[in-house]
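Student:
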Amino acid sequence: MAQPRLRMRLGDLLVAEHIIGDDQLQLALQQQRQTGRKLGTTLIDLGFIGEEQLLKFLAQQLAIPFFDLSKLTIQPQAVQLIPEVHARRYRALAVNVSGDEVTVAMSDPADLAALDALAALVSPRQMQLAVAREAQLLQYFDQLYRRTREIESFAEQLQEEYQATDFDMGLAETASNESEATIVKLLRSVFEDAVQVRASDIHIEPDEKVLRIRQRIDGVLHENILNEVRIAPSLVLRLKLVAGLDISEKRLPQDGRFNMRVRGHDIDVRISTMPVQHGESVVMRLLDQSAGLLSLHDTGMPQALLQRFRRQLQRPHGMIVVTGPTGSGKTTTLYGALSELNQPGNKIITVEDPVEYRLPRINQVQVNAKIGLDFSTVLRATLRQDPDILLVGEMRDQETVEIGLRGAMTGHLVLTTLHTNDAISSALRLMDMGAPGYLVASALRAIVAQRLVRRVCRHCHTVHEVDASDMTWLVSLFGDVASQQTFYRGRGCQSCNFTGYTGRIGVFELLELDQSMMDALRGGDPEQFARAARNHAEYKPLVTMAYEYATQGMTTVDEVLRLAEVVS
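First residue of the sequence shown: 1, per UniProt numbering; consecutive thereafter.
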């Protein structure tokens, strides 16, 4: 490869083209000598030039293209030509292979040492250069350098080791040191891959002839199939050992947890095992402790709704319920509320199963049903601990509900969760669980219902022509104005793994009880309660907020329809 070279030094070129001044160059050179960083990075950090402006200038000087990676279709076989460690070191990504040429995008194509190293890596192919933003390259490293091949390789190696020693899968605890090391490497790769793609859960599911490892990303499961189904028992055994579970018990479900550090992240893993037809299924929830807690502001609540919710949190007593299905963000909302209430003047006690995040100054109690330490038992004890604020992880039975409601009536602010579809059904659910209507009416102050809907990918979003049946449904709910709205969806690109979605956003509804709702609860009239709630001036259903997000291009009509089916 004929290496491109700048005719002059970068700083002198920028001055000659009047992009920066000579005094700015001298200041940048002085700082560069102190920090040891590259001149281009120093100029960007000082604000003398923008990153894209600098890269386009470099591309022009070197007569090479400038790439926006989000608009490229990157070939997976090209990516593998440069190992991840070298790609990250040299900030370089192979994006395309054609014949005996490979196109490599770099953040600094004037780095001659990097060019020599990369040319050797892709040899005998010729290297064609392009320029790309460093932040974009780092993002794509995480997306493209998946551990899928590594996982398959370790699984094959483990299977071969078992076959070579005539390994008995029923006696996995007697595995050789070599096999044990391979199991650890395989599981490490599984966790690294999950953290890399920001998966919230890992599912390990043995089938008759294959082993499925699935990851839940943005609420949707993505599957990787391994043919080495015989390794499943040893994987489960290793996970049980780490979580402190009973390795001899394979007939009953078990729950546990363990901590590990993956790719610089402190991960708290909640594990659940369950016997299935072909072995044991394992589901692991990944909680990134190093990410820190989100504040209420970061949950995505609209400002007006957030102000109303904060007013409820300032009440001296009463019950506030957060409701939604598993994985809807209830815990994030509750911990965000606790972080705002966590002041020296407040005594806060939580009763959880399990304790998901450790918080300073807050007394957190882990429920343990095996020794009789259930929600109702702990809740009675906490009321004698002089608390100001109580958090009850979940209202599961009549006894817990009644103790929580009575605690809310006797000077405590009680925060808790329920598994219901919307805010209106939550109050009625408390009565269905056996709580008297007068008690619910006296103690319950507000209900937050929430869901997570997927965001449209900002890199590939395009106008979506809604089909006739879906538009008829939208018009029936939101009026003829819906037919005049413009909606969007993602075409699918490298940034979103060709799903059309990147990340999720919260959808909320807040129901604050007024006198008419309380009267309906006291009278045991669910229809009157629902009618009074819907007529409340500030009540906005979940589906309405989701529709508003769709009209703003933040989510799709498909996500609105999916939410409407759940809450209808």
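Built from N, CA and C at the ideal position, the CB exists for glycine as well. It should be emphasised that the depicted structure is a prediction, and the values quoted were computed from it without experimental measurement.
Cα separation between G524 and Q307?
Tutor: Mapped onto the sequence shown, residue 524 falls at position 524. Mapped onto the sequence shown, residue 307 falls at position 307. Taking the straight line joining both Cα atoms gives about 31 Å.
Student: Distance, Cα to Cα, R238 vs T544?
Tutor: As a first step, residue 238 is located in the sequence shown; it is residue number 238 there, counting from the start. As a first step, residue 544 is located in the sequence shown; it is residue number 544 there, counting from the start. About 47 Å.
Student: Decide if D168 is buried, meaning its Cβ has at least 16 other Cβ atoms within 10 Å, or exposed.
Tutor: Within the sequence shown, residue 168 is the residue found at index 168, counting from 1. Per-residue confidence for D168 stands at a pLDDT of 42, beneath the threshold of 50, marking its modelled position as unreliable; the derived number appears in the next sentence. Under this definition D168 is an exposed residue.
Student: Rounded to whole angstroms, what's the CA-CA distance from V197 to R146? Just pull it up for me.
Tutor: Here residue 197 is taken as the residue at index 197 of the sequence shown, counted from 1. Here residue 146 is taken as the residue at index 146 of the sequence shown, counted from 1. Straight through space, the alpha carbons of R146 and V197 are spaced by roughly 8 Å.
Student: Determine the direct distance from the alpha carbon of E156 to that of D166, and round the result to whole angstroms.
Tutor: Here residue 166 corresponds to residue number 166 of the sequence shown, with the count starting at 1. Here residue 156 corresponds to residue number 156 of the sequence shown, with the count starting at 1. Annotation note: pLDDT 45 at D166 (below 50); position unreliable, no value reported.
Student: How many angstroms separate the CA atom of V367 from the CA atom of R396?
Tutor: For the purposes of this step, residue 367 is taken as the residue at position 367 of the sequence shown. For the purposes of this step, residue 396 is taken as the residue at position 396 of the sequence shown. Roughly 12 Å between the two C-alpha positions.
Student: Drop a sphere of 10 angstroms on the beta-carbon of I225, count the other beta-carbons inside from all chains shown, and report buried for 16 or more, exposed for fewer.
Tutor: Within the sequence shown, residue 225 is the residue found at index 225, counting from 1. It is exposed - the Cβ of I225 has fewer than 16 other Cβ atoms within 10 Å.
Student: At the level of alpha carbons, what is the spacing between F67 and S495?
Tutor: Reading the sequence shown from its first residue, position 67 is the one you call residue 67. Reading the sequence shown from its first residue, position 495 is the one you call residue 495. F67 and S495: Cα-Cα distance of roughly 14 Å.
Student: Does Y438 pass the burial test, meaning 16 or more other C-beta atoms within 10 Å, or should it be called exposed?
Tutor: To locate residue 438, count along the sequence shown from 1; it is residue 438. Exposed, because fewer than 16 other Cβ atoms sit within 10 Å of the Cβ of Y438.
Student: Using a threshold of 8 Å, state whether the C-beta atoms of T420 and T323 are closer than that.
Tutor: Counting from one through the sequence shown, the residue named residue 420 turns up at place 420. Counting from one through the sequence shown, the residue named residue 323 turns up at place 323. The answer is yes: Cβ separation under 8 Å.
Student: What number of angstroms, rounded off, separates the C-alpha of F529 from the C-alpha of R285?
Tutor: In the sequence shown, the residue the question calls residue 529 occupies position 529. In the sequence shown, the residue the question calls residue 285 occupies position 285. Answer to the nearest angstrom: the Cα atoms are 37 Å apart.
Student: By DSSP's criteria, R212 is part of a beta bridge. Which residues make up the other side?
Tutor: Looking up residue 212 in the sequence shown gives position 212. Partner(s): E205, I225.
Student: Expressed to the nearest angstrom, what Euclidean distance is found between the alpha-carbon atoms of L563 and G99?
Tutor: As a position in the sequence shown, residue 563 is number 563, starting the count at 1. As a position in the sequence shown, residue 99 is number 99, starting the count at 1. Distance from the CA of L563 to the CA of G99, rounded to the nearest whole angstrom, comes to 48 Å.
Student: Pick helix, strand or coil for R230, following the three-state DSSP scheme.
Tutor: For the purposes of this step, residue 230 is taken as the residue at position 230 of the sequence shown. Helix, per DSSP.
Student: Which residues does DSSP pair with S272 in a beta bridge?
Tutor: Translated into positions along the sequence shown, residue 272 becomes position 272. S272 pairs with D255, V283.
Student: With burial defined as no fewer than 16 other Cβ atoms inside 10 Å of the residue's Cβ, what is the status of N227: buried or exposed?
Tutor: On the sequence shown, residue 227 is found 227 positions in, with the first residue counted as 1. Looking at its Cβ environment, which holds fewer than 16 other Cβ atoms inside 10 Å, N227 is exposed.
Student: Out of F375, M319, V557, S328, point me to the one whose CA is closest to A441's CA.
Tutor: By 1-based counting over the sequence shown, the position of residue 441 is 441. Minimum Cα distance to A441 is reached at M319.
Student: Have a look at the DSSP bridge pairing and note the partners of Y90.
Tutor: Residue 90 sits at position 90 when you count from the first residue of the sequence shown. The partner list for Y90 (beta bridge, DSSP) is empty, contrary to what the question assumes.
Student: From V448 to D22, what does the alpha carbon distance come to, in whole angstroms?
Tutor: Working through the sequence shown from its first residue, we reach residue 448 at position 448. Working through the sequence shown from its first residue, we reach residue 22 at position 22. Each residue's Cα considered, the two are about 58 Å apart.
Student: In chain order, what residues of the same chain have a beta carbon less than 8 Å from the beta carbon of L55, not counting five sequence neighbours either side?
Tutor: Your numbering for residue 55 matches position 55 in the sequence shown. Excluding the 5 residues flanking it on each side, L55 has same chain C-beta neighbours closer than 8 Å at F66, S107, V131, A132, R133, in chain order.
Student: For L112, count the other beta carbons within 10 Å of its own beta carbon; 16 or more makes it buried, fewer makes it exposed. Which is it?
Tutor: Position 112 of the sequence shown, counted from the first residue, corresponds to residue 112. With fewer than 16 other Cβ atoms within 10 Å, it is exposed.
Student: For my contact list, Q312 and A199 are in at a C-beta cut-off of 8 Å; report their separation, rounded to the angstrom.
Tutor: Looking up residue 312 in the sequence shown gives position 312. Looking up residue 199 in the sequence shown gives position 199. Rounded, the Cβ-Cβ distance is 33 Å, inconsistent with contact.
Student: Taking its Cβ as the centre, do 16 or more other Cβ atoms sit within 10 Å of N535, making it buried, or is it exposed?
Tutor: On the sequence shown, position 535 is the one that residue 535 refers to. N535 is exposed by the Cβ-count criterion.
Student: Would you kindly work out how many angstroms separate the C-alpha atoms of L252 and E399, rounded to a whole number?
Tutor: Counting from 1 along the sequence shown, the entry for residue 252 is found at position 252. Counting from 1 along the sequence shown, the entry for residue 399 is found at position 399. Near 27 Å, if we compare the C-alpha coordinates of E399 and L252.
Student: For a test of the three-state rule: what should DSSP assign to T400, helix, strand or coil?
Tutor: In the sequence shown, counting from the first residue as 1, residue 400 sits at position 400. If DSSP states are grouped into helix, strand and coil, T400 belongs with the helices.
Student: Only counting the same chain, and skipping five residues up and downstream in sequence, which positions put a Cβ closer than 7 Å to that of R91?
Tutor: Taking the first residue of the sequence shown as position 1, residue 91 is located at position 91. Contacts found: M106, S107, D108, E134, L137.
Student: Pull up the CB-CB distance for V95 and V122, whole angstroms please, since I reckon it's below 8 Å.
Tutor: Translated into positions along the sequence shown, residue 95 becomes position 95. Translated into positions along the sequence shown, residue 122 becomes position 122. Taking 8 Å as the upper bound for CB-CB distance, V95 and V122 are not in contact here, some 12 Å apart.
Student: Taking the alpha helix (DSSP H) that F508 falls in, what are its first and last residues?
Tutor: If you number the sequence shown from 1, residue 508 lands on position 508. Run containing F508: none in the alpha helix (DSSP H); it sits in the beta strand (DSSP E), 501-512.
Student: How is R146 classed by DSSP in three states: helix, strand or coil?
Tutor: Start at 1 with the first residue of the sequence shown, and residue 146 comes out as number 146. Three-state DSSP puts R146 in coil, outside helix and strand.
Student: For H464, which residues does DSSP report across the bridge?
Tutor: Translated into the one-based positions of the sequence shown, residue 464 becomes position 464. Beta-bridge partners assigned by DSSP to H464: F487.
Student: Quick one: what's got a C-beta closer than 7 Å to F154's C-beta in the same chain, skipping five residues either side?
Tutor: The residue labelled residue 154 in the question sits at position 154 within the sequence shown. So the list reads T182, K185, L186, S189, once near-sequence residues are dropped.
Student: Roughly how many angstroms lie between the CA atoms of L287 and D116, to the nearest whole one?
Tutor: Here the question's residue 287 lines up with position 287 in the sequence shown. Here the question's residue 116 lines up with position 116 in the sequence shown. Approximately 41 Å between the Cα atoms of the pair.
Student: Does the distance from the CB of V229 to the CB of D207 come in under 8 Å?
Tutor: In the sequence shown, the residue the question calls residue 229 occupies position 229. In the sequence shown, the residue the question calls residue 207 occupies position 207. Their beta carbons are under 8 Å apart, which means V229 touches D207 by this criterion.
Student: DSSP puts S98 in a beta bridge; with which residues?
Tutor: Numbered from 1 along the sequence shown, position 98 holds the residue referred to as residue 98. Answer is E101.
Student: Which residue marks the beginning of the beta strand (DSSP E) containing E394, and which one marks its end?
Tutor: What you label residue 394 is simply residue 394 of the sequence shown in a count that begins at 1. Premise fails: E394 is in no beta strand (DSSP E) and is neither H nor E.
Student: For the 8 Å Cβ check, are there 3 or more pairs between the region 473-489 and the region 548-562?
Tutor: yes
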